[in-house]
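Peer 1:
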């Protein structure tokens, strides 16, 4: 009889230990899931901050401090620039003013007010 009581006591103790570990496991899984959600949130916030930094760097870029007159002079030189290696294919060269004017509002305004960019008309006749 003593042996049976000892076994029952061990069984109850084992069942209690099993229950406690299951509760602890569920708590650990919940903590793990919460930590994953926090990490995902932090990573998303980090991506947002990185995007804001890129925008801020663009706003602080030195080319933004150039006067419109200097920017216009640069735009006038672009069509005459002949790099050692071709940057644009022949079919893109006539579109340079359009490419320049598509960069941002300021560049568009400067490009549209720079007549030298628009004084040539290209027409391909087959």
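In UniProt numbering, the protein residues as written are 1 to 126.
The beta carbon of each residue, even a glycine, is placed where N, CA and C say it ideally should be.
1) Taking the alpha-carbon positions, what's the residue 3 to residue 14 distance?
2) Look up residue 32 in the DSSP assignment and say whether it is helix, strand or coil.
3) Are the Cβ atoms of residue 75 and residue 103 separated by less than 8 Å?
4) Look at residue 95 and residue 101 and say whether their C-beta atoms are less than 8 Å apart.
5) Give me the Cα-Cα distance between residue 56 and residue 64, rounded to the nearest whole angstrom.
6) Count the other CB atoms, across all protein chains shown, that sit within 10 Å of the CB of residue 153; report buried if there are 16 or more and exposed otherwise.
7) Please classify residue 114: is it buried, with 16 or more other beta-carbons within 10 angstroms of its beta-carbon, or exposed?
8) Taking the alpha-carbon of residue 70 as reference, which of 17, 19, 25 and 106 has the nearest alpha-carbon?
Peer 2: Taking the coordinates as given:
1) Locating residue 3 in the chain shown gives position 3, counting from the first residue. Locating residue 14 in the chain shown gives position 14, counting from the first residue. When rounded, the distance between both Cα atoms is 16 Å.
2) Taking the chain shown and counting its residues from 1, the one referred to as residue 32 is at position 32. Reduced to three states, the DSSP call for residue 32 is helix.
3) In the chain shown, counting from the first residue as 1, residue 75 sits at position 75. In the chain shown, counting from the first residue as 1, residue 103 sits at position 103. Result no, Cβ atoms of residue 75 and residue 103 do not sit closer than 8 Å.
4) Your numbering for residue 95 matches position 95 in the chain shown. Your numbering for residue 101 matches position 101 in the chain shown. Not in contact: residue 95 and residue 101 (Cβ atoms no closer than 8 Å).
5) Here residue 56 refers to the residue found at position 56 when the chain shown is read from its first residue. Here residue 64 refers to the residue found at position 64 when the chain shown is read from its first residue. Spanning the two alpha carbons is a distance of roughly 12 Å.
6) Absent from the structure is residue 153, since the part of the chain shown begins at 1 and ends at 126.
7) Counting from one through the chain shown, the residue named residue 114 turns up at place 114. So residue 114 ends up on the buried side.
8) Here residue 70 refers to the residue found at position 70 when the chain shown is read from its first residue. Closest option to residue 70, Cα to Cα, is 106.
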